[in-house]
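Encoded as structure tokens, the structure appears first; notes follow it.
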Amino acid sequence: MNVLAQPPAPAVLPAPQVVLVPVCATPSRLRQMASWLDADEAARASRFVHAADQAVYVASHARLRELLAHECGCVPQELRFVRGPFGKPALCPGHARPLLRFNLSHARGCAVIALTRDGSEPGVDIEAVEHFDAMHEARSLFLSPAECAALAGMHPLHRRDRLARSWTAKEAYTKAEGRGLAHGFPTLEVCFDGPERFSVRPADGTSARPMRGTWSGTVAGQGTVYRVAVVVLGAASPLA
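Reminder that position 221 of the sequence shown reads as 226 in my numbering, one-by-one numbering, no gaps.
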């Protein structure tokens with residue numbers, strides 16, 4: 006995986022390009038970025054109550070357009086998108102790179118973008134770790150019964166990190182599938198294989214879609230620690 010900002014590139018997932026987008030644009034730069042967005046994106050940006058959240062949305066979507074435009078040989082504002090049945094965006098048919106796929110996630114202050122160029126479906130999620138301090142009481146809303154039981158007796162800091170890792174892994178997986186939160190998180194289980202690798206499977210033991218690779222890690226920016234997870238779905242050979 007080629008990460009174009011912190012942290013250093015993990016060697017375990019070389020196929021997708023993952024770009025971290027710290028939001029520190031000047032007002033004039035944000036206005037320029039906003040001019041690249043289409044009517045749907047502009048409407049979505051306008052719904053944010055807080056200016057900081059709106060800035061993250063504009064900067065991350067504009068950066069996505071920059072990356073895709075570079076791949077397609079056009080200018081950012083020329084790109085057009087379609088949405089799947091559960092809202093996952095894709096480039097309109099007919100563009101120059103038919104195997105180009107992407108996914109975007111943003112949290113206040115930072116965003117992350119994943120690109121693949123071989124037709125495999127990426128999913129990515131970024132969340133501020135501190136938000137999970139208050140989520141233990143709501144754990145049954147996104148963890149399976151077995152995952153809830155595994156939290157018992159954990160130190161609060163370890164428990165918070167496990168909650169953050171589980172949530173971001175499931176969100177990245179369901180976004181790669183194109184279903185997002187429409188796929189009930191408690192029906193999925195995350196199996197961790199060391200600090201960076203994981204797999205996601207149905208909690209009822211049925212087989213999951215083939216995963217080409219996964220990565221989980223933390224990044225720091227503007228005084229906040231974020232948990233990031235990346236999933237790539239596809240039937241191609243597993244990545245070393």
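Heads up, the beta-carbon is just placed ideally off N, CA and C, and yes, glycines get one too. As the structure is a computational prediction, the values presented were derived from the model and not from experiment.
Residue(s) in a DSSP beta bridge with residue i
{"i": "residue 235", "result": "129 and 220"}
{"i": "residue 88", "result": "94"}
{"i": "residue 194", "result": "206"}
{"i": "residue 303", "result": "In this structure the chain extends from 6 to 245, so residue 303 is not present and cannot be described."}
{"i": "residue 106", "result": "121"}
{"i": "residue 27", "result": "115"}
Buried versus exposed, by CB contacts within 10 Å (16 or more), residue i
{"i": "residue 111", "result": "buried"}
{"i": "residue 13", "result": "Unreliable placement is indicated for residue 13, whose pLDDT of 34 sits below 50; the coordinate value is still reported in the next sentence. Looking at its Cβ environment, which holds fewer than 16 other Cβ atoms inside 10 Å, residue 13 is exposed."}
{"i": "residue 115", "result": "buried"}
{"i": "residue 152", "result": "buried"}
{"i": "residue 198", "result": "exposed"}
{"i": "residue 139", "result": "exposed"}
{"i": "residue 117", "result": "buried"}
{"i": "residue 54", "result": "exposed"}
{"i": "residue 87", "result": "exposed"}
{"i": "residue 144", "result": "buried"}
{"i": "residue 2", "result": "With the chain running from 6 to 245 in the structure shown, residue 2 is simply not present."}
{"i": "residue 217", "result": "buried"}
{"i": "residue 239", "result": "buried"}
{"i": "residue 225", "result": "exposed"}
{"i": "residue 60", "result": "buried"}
{"i": "residue 212", "result": "exposed"}
Whole-angstrom C-beta distance between residue j and residue i, which should lie under 8 angstroms
{"i": "residue 219", "j": "residue 235", "result": "7 angstroms"}
{"i": "residue 66", "j": "residue 83", "result": "Actually they do not touch by this definition, with Cβ atoms about 15 angstroms apart."}
{"i": "residue 221", "j": "residue 201", "result": "6 angstroms"}
{"i": "residue 21", "j": "residue 233", "result": "About 12 angstroms separates the two Cβ atoms, so there is no contact after all."}
{"i": "residue 208", "j": "residue 192", "result": "5 angstroms"}
{"i": "residue 175", "j": "residue 147", "result": "7 angstroms"}
{"i": "residue 57", "j": "residue 113", "result": "6 angstroms"}
Nearest-angstrom Cα separation, counted from residue j out to residue i
{"i": "residue 167", "j": "residue 161", "result": "10 angstroms"}
{"i": "residue 155", "j": "residue 165", "result": "13 angstroms"}
{"i": "residue 230", "j": "residue 134", "result": "6 angstroms"}
{"i": "residue 120", "j": "residue 69", "result": "9 angstroms"}
{"i": "residue 173", "j": "residue 101", "result": "32 angstroms"}
{"i": "residue 98", "j": "residue 163", "result": "45 angstroms"}
{"i": "residue 206", "j": "residue 124", "result": "22 angstroms"}
{"i": "residue 188", "j": "residue 34", "result": "37 angstroms"}
{"i": "residue 122", "j": "residue 105", "result": "4 angstroms"}
{"i": "residue 71", "j": "residue 77", "result": "10 angstroms"}
{"i": "residue 63", "j": "residue 169", "result": "25 angstroms"}
{"i": "residue 150", "j": "residue 214", "result": "22 angstroms"}
{"i": "residue 103", "j": "residue 51", "result": "31 angstroms"}
{"i": "residue 48", "j": "residue 25", "result": "24 angstroms"}
{"i": "residue 73", "j": "residue 108", "result": "11 angstroms"}
{"i": "residue 204", "j": "residue 142", "result": "25 angstroms"}
{"i": "residue 23", "j": "residue 210", "result": "31 angstroms"}
{"i": "residue 75", "j": "residue 158", "result": "49 angstroms"}
Legend entry - Touch test, the segment 179-186 against the segment 79-92, Cβ-Cβ under 8 angstroms, three pairs minimum: yes
Inset, instruction - Kindly confirm or deny that the segment 68-88 and the segment 32-52 touch, where touching means at least three C-beta pairs closer than 8 angstroms. - result: yes
Inset, instruction - Spell out a yes or no on whether the segment 118-132 and the segment 27-35 are touching, meaning 3 or more CB-CB pairs, one atom from each, closer than 8 angstroms. - result: no
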